[in-house]
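S.K.: Going left to right, the sequence shown walks through residues 208 to 423 as the numbering used here numbers them.
Glycine is no exception: its CB is placed at the ideal position from the N, C-alpha and C atoms.
One structure coming up, written as structure tokens, with questions to follow.
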Amino acid sequence: MKLNISFPATGCQKLIEKRMATEVAADALGEERKGYVVRISDGNDKQGFPMKQGHSCYRPRRTGERKRKSVRGCIVDANLSVLSLVIVKKGEKDIPGLTDTTVPRRLGPKRASRIRKLFNLSKEDDVRQYIVRKPLNKEAPKIQRLVTPRVLQHKGRRIALKKQRTRKNKEEAAEYAKLLAKRMKEAKEKRQEQIAKRRRLSSLRASTSKSESSQK
């Protein structure tokens, strides 16, 4: 089994019946690793499948279906070919090529708020002057979430359009309510005229029938 030990503090790269994310004393790995505490972070078996906690990669299609998973479990056993370990606590001696050297970060932060936090800037300072540029060429990362006059202009335009739509909807609703009240009033007057017309006709028929009966 190959052991891949990394130390995040310096950025360098260099056990059975244990689970992932557990911290293990590295005294058994050699005299030069005495006092070190490592955490099991990952691993691959002899077929190349990675270790993983949980069963998020398996979705059964039918009940009782046989589990065919493309990941192995989270417990270390003899079937592993590579086991990745991360140093949590440094021991007495330095490990050559791992804890005695430091690899500098090639890229700096990209988000505007994190650049301000790194250089202790205020909101009035221009963040674009503090970009950590790439050493290979003159390219620089695009700053995310940077508030510029153009962004504020677009935001103001969106708010103005939103207010305009709200105002237009209110005006249209008021016009529609006014038109609806007018139509209802007209319909009511028309209905009252029809009722009055029917009453006049019925009274006229009643008077003619009475006159005919009196003549007989």
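What does DSSP give as the partner residues of residue 279 in its beta bridges?
M.R.: The residue labelled residue 279 in the question sits at position 72 within the sequence shown. Residue 279 pairs with 258.
S.K.: Could you tell me whether the Cβ atoms of residue 355 and residue 217 are closer together than 9 Å?
M.R.: Taking the first residue of the sequence shown as position 1, residue 355 is located at position 148. Taking the first residue of the sequence shown as position 1, residue 217 is located at position 10. No.
S.K.: Report yes if the CB atom of residue 288 is closer than 9 Å to the CB atom of residue 249, and no otherwise.
M.R.: Locating residue 288 in the sequence shown gives position 81, counting from the first residue. Locating residue 249 in the sequence shown gives position 42, counting from the first residue. Not in contact: residue 288 and residue 249 (Cβ atoms no closer than 9 Å).
S.K.: What's the call for residue 322, buried or exposed, on a 16-neighbour Cβ count within 10 Å?
M.R.: Taking the first residue of the sequence shown as 1, we reach residue 322 at position 115. Buried: at least 16 other Cβ atoms inside 10 Å.
S.K.: Please report the straight-line C-alpha distance between residue 238 and residue 257, rounded to a whole angstrom.
M.R.: Translated into the one-based positions of the sequence shown, residue 238 becomes position 31. Translated into the one-based positions of the sequence shown, residue 257 becomes position 50. Cα-Cα distance, rounded: 29 Å.
S.K.: Quick check: residue 294 and residue 245, are their CB atoms within less than 9 Å of each other?
M.R.: Position 87 of the sequence shown, counted from the start, is the residue given in the question as residue 294. Position 38 of the sequence shown, counted from the start, is the residue given in the question as residue 245. It is a contact, given that the beta carbons lie within the stated cut-off.
S.K.: Which stretch, first to last residue, makes up the alpha helix (DSSP H) that contains residue 319?
M.R.: Counting from 1 along the sequence shown, the entry for residue 319 is found at position 112. Start and end: 319-326.
S.K.: Check whether the stretch 309-329 touches the stretch 347-366, counting contact only when three or more Cβ pairs, one atom from each stretch, lie closer than 8 Å.
M.R.: Segments in contact, yes.
S.K.: Among the candidates 403, 297, 219 and 278, whose CA atom is the shortest distance from the CA of residue 234?
M.R.: Position 27 of the sequence shown, counting from 1, holds the residue named residue 234. Checking every option, the nearest Cα to that of residue 234 belongs to 297.
S.K.: For residue 205 and residue 226, what's the separation of their Cα atoms in angstroms?
M.R.: Any property of residue 205 remains undetermined from this structure, which presents the chain solely from 208 to 423.
S.K.: DSSP puts residue 296 in a beta bridge; with which residues?
M.R.: Along the sequence shown, one-based indexing puts residue 296 at 89. Residue 296 is bridged to 244.
S.K.: Assuming residue 232 is part of the beta strand (DSSP E), what are its boundary residues?
M.R.: For the purposes of this step, residue 232 is taken as the residue at position 25 of the sequence shown. It spans 230-232 - the beta strand (DSSP E) in which residue 232 sits, taken as one unbroken run.
S.K.: Return the chain-ordered list of same chain residues with a C-beta closer than 8 Å to the C-beta of residue 328, the five sequence neighbours on each side being excluded.
M.R.: If you number the sequence shown from 1, residue 328 lands on position 121. Contacts found: 322, 334 and 337.
S.K.: Smallest Cα separation from residue 260: which of 229, 243, 240 and 402?
M.R.: Stepping through the sequence shown from its first residue, residue 260 is reached at position 53. The option with the nearest alpha carbon to residue 260 is 229.
S.K.: Would residue 325 be called buried (16 or more neighbouring beta carbons within 10 Å of its own) or exposed?
M.R.: Reading the sequence shown from its first residue, position 118 is the one you call residue 325. The residue is exposed, with fewer than 16 neighbouring Cβ atoms inside 10 Å.
S.K.: Going along the chain, which unbroken runs of the alpha helix (DSSP H) with 4 or more residues stay wholly within the stretch 347-412?
M.R.: As far as the stretch 347-412 is concerned, it has no whole alpha helix (DSSP H) run of at least 4 residues.
S.K.: Taking the beta carbon of residue 358 as the centre, do at least 16 other beta carbons fall within 10 Å, making it buried, or is it exposed?
M.R.: Counting from 1 along the sequence shown, the entry for residue 358 is found at position 151. Its Cβ having fewer than 16 others within 10 Å, residue 358 is exposed.
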